[in-house]
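Below you'll find the structure, written out as structure tokens, and then a few comments.
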Amino acid sequence: MDQREDYDHLQKAGKEHLWMHFSRHGVYDDAHDIPVIVKGDGMYIWDSRGKRYLDGLAGLFVVQVGHGRHELAEAAAKQASELAFFPIWTFAHPMAIALAERISTYTPGDLNRVFFTTGGGEAVETAWKAAKQYFKLTGKPNKTKAISRQIAYHGTPHGALSITGIPALKEAFEPLVPTTVHVPNTNFYRADEHAGPAVTSWFADGRASSGETAETDRPAAGFGDDLEAFGRWAADQIEEAIIAEGPDTVAAVFLEPVQNAGGCFPPPPGYFQRVREICDRHDVLLVSDEVICAFGRLGDMFGSNRYGYVPDMITCAKGLTSGYSPLAAMIASDRVMEPFLQGSTSFAHGYTFGGHPVSTAVAMANLDIIEREKLNEHVRDNEGAFRGTLEKLLDLDIVGDVRGDGFFYGIELVKDKATKETFSDAESEKLLRGFLSKALFDHGLYCRADDRGDPVIQLSPPLIADQSHFDEMEQILRSVLIEAQGLL
Ligand SMILES: Cc1ncc(COP(=O)(O)O)c(C=O)c1O
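What follows is the structure, encoded as structure tokens:
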């Protein structure tokens with residue numbers, strides 16, 4: 060087959076046989092091809108036509124150390140030839156043990172026990188199940204509910220999807236797992252819009268019930284510039300929800316250090332400290348969902364370290380192996396683990412491929428690179444430059460807000476910058492799906508235009524990015540966003 064035939068065959072087979080994730084298959088026809096990525100090296104990826112793109116999203120918030128690292132391929136090959144597979148169901152293998160021990164040296168507090176899964180959604184699922192059993196074992200069997208934030212994404216298994224706070228992603232699969240409750244997130248850009256129903260419960264039959272929550276500590280005139288007051292209010296919404304549901308029914312609160320969906324909401328100062336106090340007061344477990352935020356994304360091995368709080372459990376995935384092999388984990392504190400150590404108790408939960416030998420070997424080699432190349436320090440030293448470069452875009456009318464931390468940023472697009480008016484669903488559809496996603500890609504930048512909340516462009520490059528890459532991102536974004544403004 061020559062190159063043209065190769066390309067045509069890939070497209071035909073892809074369109075006829077591959078079921079892509081979160082994809083509208085109806086858009087692929089003779090005139091619209093599937094973008095097929097064939098190679099990666101450092102900060103760049105190449106498609107099957109040979110065109111190069113800057114990877115502004117590290118694949119999917121994953122490839123921390125960059126593409127094309129032979130060292131990681133070699134670690135995988137070495138482990139596969141020694142012991143390709145063995146489960147960690149009552150047996151163990153050295154790499155799973157070594158990695159669990161190593162992870163426990165990076166975690167905050169006494170989070171010393173590592174339960175491996177294959178993906179982030181499974182880790183979230185695991186945390187919820189562990190929380191439920193923990194309370195059954197400690198004499199509080201009715202503590203089963205999970206609280207999380209509006210627009211937050213926590214994965215697709217039924218439990219994790221229930222915890223997810225994006226109604227549009229859930230509708231097709233209801234009824235989901237009862238009962239989860241969703242509270243406001245920490246979107247400071249739109250802080251003053253918070254009013255009315257703040258808490259939503261999802262019941263087994265898919266009904267949503269909303270109740271007014273007290274506007275604790277919320278100034279009548281809004282929060283103005285007072286980020287800390289907003290943080291107190293947002294944290295207090297969690298307490299309101301716990302009290303409304305009944306503290307004896309709530310098992311866990313799931314929060315990302317920086318919430319991704321909606322476009323990178325960092326925590327206001329003091330937010331997590333207050334949430335910690337609230338969780339302690341009501342004996343509710345705090346789960347830090349660090350599927351994106353761990354392993355350097357925020358310049359620390361864990362986001363909870365960066366923001367100075369100690370959760371009861373951490374869920375992590377993606378950057379643990381930089382995606383060279385699938386692996387994720389739920390990490391529990393000694394206190395959570397303690398009742399599982401007694402007598403004949405066991406956590407009847409697991410995955411065939413959780414803690415896979417090849418993936419754990421790759422994770423060890425990946426962590427070697429993160430440490431040897433001081434990637435956490437690199438992110439901390441360069442995050443200001445990344446932010447500063449992206450903030451240049453604020454001179455465009457369409458750019459309402461630039462927010463994030465570390466190498467993790469969201470750029471919110473608005474219809475009217477003065478009033479912060481956002482786009483209608485139809486406009487957002489036209490702007491994001493009809494124009495931006497393709498235009499950015501055509502201009503050589505792979506990133507994500509997302510409208511799970513208000514329309515945002517998400518950037519989360521490999522942690523090896525430097526000023527030249529920040530500039531390249533800014534320049535491509537600038538020219539495409541100027542074009543987008545012309546369409547409005
Ligand atoms: C915060 C968070 N939790 C959970 C998940 C689900 O992870 P996975 O896709 O590996 O199941 C994601 C995925 O992006 C995530 O961002």
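FYI, the numbering for the sequence shown is 60 to 547, going by this note's numbering.
We put the beta carbon where it would ideally sit given N, CA and C, even for glycine.
An exposed status is given to S405, since fewer than 16 other beta-carbon atoms sit within 10 Å of its beta-carbon. When DSSP states are grouped into helix, strand and coil, L344 belongs to the strand group. Rounded to the nearest whole angstrom, the CA to CA distance from P153 to F144 is 12 Å. If you look at G463, you'll find it in the beta strand (DSSP E) that goes 458-464. DSSP places T176 in the strand class (E or B) of the three-state scheme. In the DSSP assignment, E471 falls within the unbroken beta strand (DSSP E) covering 467-472. Residue burial annotation: S347 is buried, with at least 16 other C-beta atoms found within 10 angstroms of its C-beta.
Three or more beta-carbon pairs separated by less than 8 Å link the stretch 442-453 to the stretch 511-527, which places the two stretches in contact. For the 8 Å CB-CB criterion, A190 and L344 form a contact. Note that the C-beta distance between Y383 and T176 is not below 8 Å. Where A387 is concerned, the enclosing beta strand (DSSP E) starts and stops at 387-392. Our two residues, A391 and C375, have alpha carbons roughly 12 Å apart in a direct line. In the three-state DSSP reduction, F150 falls in the coil class, being neither helix nor strand. DSSP, reduced to helix, strand and coil, places T374 within a strand of the structure shown. Excluding sequence positions up to five before and after H129, its CB lies less than 8 Å from no other CB in the same chain.
Within its own chain, the residues whose Cβ lies closer than 7 Å to the Cβ of N246, once the five positions on either side in sequence are excluded, are G321, F324, listed in chain order. Counting other Cβ atoms within 10 Å of its Cβ, S483 stays below 16 and is therefore classed as exposed.
Of the candidates F494, R356, I429, the residue whose Cα lies closest to the Cα of F467 is R356.
Considered as a whole, the stretch 77-121 harbours 117-120 as its complete alpha helix (DSSP H) runs of no fewer than 4 residues, in chain order. Rounded to whole angstroms, V86 and E181 show a C-alpha spacing of 30 Å. For the stretch 403-434, the continuous alpha helix (DSSP H) assignments of 4+ residues that do not extend past its boundaries occur at 416-431, in sequence order.
DSSP lists H241 as the bridge partner or partners of S207. DSSP places V515 within a strand segment (E or B) once states are collapsed to three. With a cut-off of 7 Å, the C-beta of Y212 is classified as near ligand 1, since at least one heavy atom of the ligand falls inside that distance. In this structure, T223 places its C-beta atom within 8 Å of the C-beta atom of K229. Counting other Cβ atoms within 10 Å of its Cβ, N435 reaches 16 or more and is therefore classed as buried.
Less than 8 Å divides the Cβ of E184 from the Cβ of P216. For Q318, the three-state secondary structure derived from DSSP is strand. Here DSSP, grouped into helix, strand and coil, assigns N364 to helix. Per the Cβ contact rule, the stretch 470-488 is not in contact with the stretch 353-370 (fewer than 3 Cβ pairs under 8 Å). Counting only residues of its own chain and dropping the five nearest sequence neighbours on each side, G178 has a CB closer than 7 Å to the CB of A376, P385, A387. Scanning its chain for C-beta atoms nearer than 6 Å, with the 5 sequence neighbours on each side dropped, one finds around Q517 the residues G469, R507, D509, in chain order. Between G99 and G73, the CB-CB gap reaches or exceeds 8 Å. The closest heavy atom of ligand 1 lies less than 7 Å from the beta carbon of A376.
The C-beta distance from D92 to Q70 rounds to 5 Å, short enough to fall under 8 Å. Counting along the chain, no alpha helix (DSSP H) covers A508; the unbroken beta strand (DSSP E) around it starts and ends at 507-509.
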